[in-house]
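These notes are about the structure you will find just below.
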Amino acid sequence: MSAYPKEYRNPLKKARGLGSAQHGVSHWWTQRVTAVALVALGLWLVALVLRVLHADYATARALIAQPWNAVLMIAFVITAFWHAVLGLQVVIEDYVHTRWKEATLLMAIKFLAVLAALASVLAVLRTALGA
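Just so you know, we're using full-length UniProt numbering here: the sequence shown kicks off at 1 and counts up by one.
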């Protein structure tokens, strides 16, 4: 038997500061709300794609140029990337155990998601505004 016990601290002392502090509930709710929004926006997107299925480019562009369609397309893009970041964050936090790798991956995912979302919104705006 070792002369030094492995841990002197009380288990409660060890657990303090490691709890959810209500942050996990917020993350969970946000992920569920974005999922519900994606279901509704996804149904709208399927209907839009079915309308444009056999149309020419000018008709498709005119359909996206309608204000509600452009707004809903931008909402879909932003919600999809936000939901993806939330899901990937959970996977990384659960399965990457090296702290520097976890932090690097989280920053990279958020950076790439913001970059891709901005590019997507720009594409929708250019299409809708006729640029």
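Note that CB positions come from ideal geometry on N, CA and C, so glycine has one too.
The structure presented is a predicted model; accordingly, all values stated were derived computationally and were not measured.
Cutting at 8 Å between CB atoms, please list the residues of its own chain near Leu38, excluding the five before and the five after it. The beta carbon of Leu38 sits closer than 8 Å to the beta carbons of Phe76, Thr79, Ala80 and His83 from its chain, once the five residues preceding and following it are set aside; these are given in chain order.
Mark Met107 as exposed unless 16 or more other C-beta atoms lie within 10 angstroms of its C-beta, in which case mark it buried. Classification of Met107: exposed, given that the 10 Å Cβ count is below 16.
Nearest-angstrom Cα separation, counted from Gly42 out to Val124: A direct Cα-Cα distance of roughly 16 Å separates Val124 from Gly42.
Relative to the C-alpha of Leu86, which residue among Trp68, Val46, Val114 and Leu72 is closest? Across the set Trp68, Val46, Val114 and Leu72, the C-alpha of Val114 shows the shortest separation from the C-alpha of Leu86.
Helix, strand or coil at Thr98 [DSSP, three-state]: In this structure, Thr98 counts as coil in the three-state DSSP scheme.
Rounded to the nearest angstrom, what separates Val91 and His27 at their Cα positions? Computed Cα separation, rounded: 13 Å.
Run through DSSP, which three-state label would Leu38 get? Looking at Leu38 - three-state DSSP - the assignment turns out to be helix.
Going by DSSP in three states, Gly130 sits in which element: helix, strand or coil? Gly130 falls in the coil class under three-state DSSP.
Taking the CB atoms as reference points, tell me whether Ala60 and Ala128 lie closer together than 8 Å. 8 Å or more divides the Cβ of Ala60 from the Cβ of Ala128.
The ligand GTP heavy atom lying under 7 Å from the CB of Asp94: This structure lacks the ligand GTP; in fact it carries no ligand of any kind.
Could you tell me which of Leu50, Trp44, Leu88 and Glu93 sits nearest to Val71, measuring between CA atoms? Selected option, being the one with the closest Cα: Trp44.
Judging by CA-CA distance, which residue of Gln89, Leu105 and Tyr95 is the nearest neighbour of residue 132? In the structure displayed, the chain extends from 1 to 131; residue 132 sits before or after that span and is not available.
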